[in-house]
Amino acid sequence: MQSTPARRPGELVFAVAVLLFSLAAFWQAYEISGFDGLTEPGVFPMLATGTMIVAALFILSDTARRRPDADTQAVTRRFFVDILPIRHMVLIGLVLAYLLLLPMLGFIVSSALFLLAAFQYLWRRHVLVTVLLSAGALAAVYVIFRIVFQVVLPEGSLMRGLV
Amino acid sequence: MMDALANFSTVWLDPWLLFLTASGTLAGIYVGAIPGLSVTMATSILISFTFKWPVDEALALIAGIFIGGVYGGSRTAILLNIPGAPSAIATALDGYPLAKRGEAGEAIGLTTVMSVFGGFVGILALAIFAPVISDFALMFQSRDYLLLGMIGILLVGTLSGESFAKGAFAGALGVLIGMVGLDPMTAEGRFTFGTITLMGGIPYVAAMIGFFGVAEALVQLHTLGMPAIRQKIDRVIPRLSDVRRYFGLAMRASGIGTIIGALPGTGGDIAALLAYDHAKRSTKNPERPFGEGAKEGLVAPEAANNAAVGGAFIPMLTLGIPGDAVTAVIIGALFIHGLKPGPLLLVETPHLFWFTVGSLTLANIFLLIFGLTGIRVFTKIVECPKAVLIPLIIVLSAVGTYAIQNNPVDIYWMLLFGVVGYFMKTYGFQVGPVILGVILGPMMDANYRRAMIGARQDVGVFLWDFVSHPISLVLTVGFLTMLLSQTPLWPMLRARLRPRG
């Protein structure tokens, strides 16, 4: 399917990053056992990363050939509209905060905070609605997974024994 | 034979297993139907929750989810013109026009019945061909497994996504992720950077949930405020005349679906599109033109994608090579339960095979029941706003990843893969091949080295082996043909061979 003539904002940068990552991975694969033998542990990783490099070169040349946007400024602006809008960055930030808090505060407290913040930010309803929704969702998750599936949920180092 | 029958009926006679299959099917319909939730996502999250269960219970639940989920996508495709799952893309083409004419109920009814027919064809094929292929597979050498693995990744890479290069990159990236950790043959660290954390490897469930759960949630964030359209539902039970009329087409489509499902790496989505194409070409005088509500265009893809479920289990249970992304995830589950899918699975644990066939059949029957009922309730639930759904997916993904080893590091992997997967999806990469690579990579590595040791490290002998044994030769030719058809060489060759005029 060659039906996307225009280049997506940031695609060229991504293609370069893909190539650089592949090269770094190949170097790491070479470090494992070099070219010592054909059955060394490093041979298959080198084949895989080699494939990545070849594929990345094709991707890069294909991307570079496509029609770019007007100027760098417009590309940067469109990148933050089409590819990584504020909404995505906020959510990724929220998830990161959630995952960092999880081992400390435990599953219940951190999930409650995360759900509340995420619902409030994405859904924009009255606080009472989102509080009730978070509590309900959390209770359902807890009952299904802790009680039915018997999954061990993170307890949290700060809250040990409390929740 | 009696043993097979007894194992087949285990799931039918145990009330708890019966309940699990039923709830799996019902949950699967909703998972498949709600845009933003996918069967792959649900199975990868569920696997982490069920790994402490007995394997029978986990399999019964997963069989239900799989069967229900592949079907569920059709409902939103018909009602909202949003395919709930990729396998329902073709269904939306004619299903939505039917709904706009006020025939949504009938379209759902017909879809359900045809999906169930398709499902039975796939399961029958599984029951008949898997034991045969399994016997045959005992003759497979290491190099044949290496070839099968490469064919699987190549197929996923070529048939979906923007370009072959992107598919190949994704597959190789998956292999790389699978290589991280201690080498199983020499216990040497690979890509560990001297850290203990990386020595155990990257947990593939974290990769699965990251790529299928978190990344998908981030993609869905773009379409937060999609308005829902309500449809009128009246008659649901399809007319007998319709069922009789489209039975032949459904059977042909099921055949296509089973074969496509059985090919490593290709699943219901491709089966549905091919069956739709077949219906379009084989129906000379449709009642209504295709794209405007032809029932043929509804029957073919739905029969095919459910047939692909049974088909997808064939290579998974006989060769240890997943037929599609969901079976790739299920293989992960079997590994966790200490089972080794492959030609010996049917020899060592035949009960498991017949149990799987039994639970798939049962799930298919539940599909008929749940498919024809509860549609009104369904329309309400599907309208759940994405703003509520997305945070929930993330919480479930985090819990699921954590549950595997109770290791907080895993959830950082999940987030990393989620963000990387989001960018990959945005720039036209497929994440399916990555997971296939993660699962198949270590298997391919081990088989490559075994084959190379068998050839006494002589590249000439090694390569000669690929063409001098009949099974290897067939696979090699298949692999090369597929590779060739993707390079610029092929159109050039074809242009030269075709007479100019």
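First to last, the sequence lines map onto chains A and B.
Under this note's numbering, the final residue of the first sequence carries the number 553; numbering is consecutive throughout.
Under this note's numbering, the final residue of the second sequence carries the number 506; numbering is consecutive throughout.
C-beta: ideal position from N, C-alpha, C; glycine also.
- Around the beta carbon of Pro294 of chain B, a 10 Å sphere encloses fewer than 16 other beta carbons of the protein chains shown; the residue is thus reported as exposed.
- Under the Cβ criterion of 8 Å, Met479 of chain A is not counted among the residues facing chain B.
- For Met457 of chain B, the neighbours in chain A by C-beta distance under 7 Å run, in chain order, Leu428 and Thr429.
- Comparing alpha carbon positions, the residue from B:Trp17, B:Ile261, B:Leu143 and B:Phe375 closest to Thr116 of chain B is B:Phe375.
- Straight-line spacing of the CA atoms in Gly496 of chain A and Pro208 of chain B works out to 22 Å.
- Residue environment for Glu421 of chain A: exposed (fewer than 16 other C-beta atoms within 10 angstroms of its C-beta).
- At least one CB of chain B lies nearer than 8 Å to the CB of Val542 of chain A.
- Neighbours of Arg286 of chain B in chain A, taken as residues at a C-beta separation under 7 Å, are lacking, since the least C-beta distance is about 21 Å.
- With respect to the C-alpha of Ser53 of chain B, the residue from B:Gly266, B:Ile275, B:Tyr251 and B:Ile336 having the closest C-alpha is B:Ile336.
- At a Cβ-Cβ threshold of 8 Å, Gly262 of chain B and Ala330 of chain B do not count as neighbours.
- When 7 Å is used as the limit between beta carbons, Val485 of chain A is near these residues of chain B: Ile399 and Leu420, in chain order.
- Counting along the chain, Met204 of chain B sits inside the alpha helix (DSSP H) bounded by residues Ile201 to Met204.
- Here DSSP, grouped into helix, strand and coil, assigns Leu187 of chain B to strand.
- In this structure Val161 of chain B is in contact with Leu441 of chain B, their Cβ atoms being roughly 6 Å apart against a cut-off of 8 Å.
- In this structure Arg195 of chain B touches Pro435 of chain A by the C-beta definition: roughly 6 Å separates them, less than 8 Å.
- Within its own chain, the residues whose Cβ lies closer than 8 Å to the Cβ of Leu401 of chain B, once the five positions on either side in sequence are excluded, are Ile50 and Gly218, listed in chain order.
- Contact between the region 63–72 of chain B and the region 356–369 of chain B is present, with at least three C-beta pairs closer than 8 Å.
- By the Cβ-count criterion, Pro20 of chain B is exposed, with fewer than 16 other Cβ atoms from all chains shown falling within 10 Å of its own Cβ.
- DSSP places Gly194 of chain B in the strand class (E or B) of the three-state scheme.
- Looking only at B:Phe169, B:Ala142 and B:Tyr281, the smallest Cα-Cα distance to Gly433 of chain B is reached by B:Phe169.
- Judged by their CB atoms, Thr96 of chain B and Ala82 of chain B are nearer to each other than the 8 Å cut-off.
- Counting the other CB atoms within 10 Å of its CB gives Glu353 of chain B a total below 16, which places it among the exposed residues.
- Cβ contact annotation for Gly347 of chain B (same chain, cutoff 7 Å, sequence separation greater than five): Leu324 and Gly325, in chain order.
- With three or more CB-CB distances shorter than 8 Å, the region 122–131 of chain B counts as touching the region 303–320 of chain B.
- The shortest CA-to-CA distance from Val499 of chain A to any of A:Gly432, A:Leu543 and A:Gly440 is the one to A:Leu543.
- The alpha-carbon of Phe467 of chain B is positioned some 9 Å away from that of Arg148 of chain B.
- DSSP links Ala487 of chain A through a beta bridge to no other residue.
- If you compare the alpha carbons of B:Ala27, B:Phe216, B:Ala90 and B:Met190 with that of Val424 of chain B, the shortest gap goes to B:Phe216.
- Within the region 153–176 of chain B, the residues whose Cβ lies closer than 7 Å to some Cβ of chain A are Glu167, Ser168, Ala170, Lys171, Ala173 and Phe174, listed in chain order.
- For Val464 of chain B, the chain A residues whose C-beta falls within less than 8 Å of its own C-beta are Leu428, listed in chain order.
- Proximity of chain B to Trp513 of chain A at the Cβ level (cut-off 7 Å) is accounted for by Pro390, Ala392 and Val393, in chain order.
- Taking the C-beta atoms as reference points, Leu413 of chain A is found nearer than 8 Å to Ile443 of chain A.
- The C-beta of Phe54 of chain B comes closer than 8 Å to at least one C-beta of chain A.
- Any Cβ of chain B closer than 8 Å to the Cβ of Leu505 of chain A would place that residue at the interface, and such an atom is present.
- Closer than 7 Å at the C-beta level to chain B, one finds these residues of the region 440–462 of chain A: Thr441, Met442, Ala445, Ala446, Phe448, Ile449 and Asp452.
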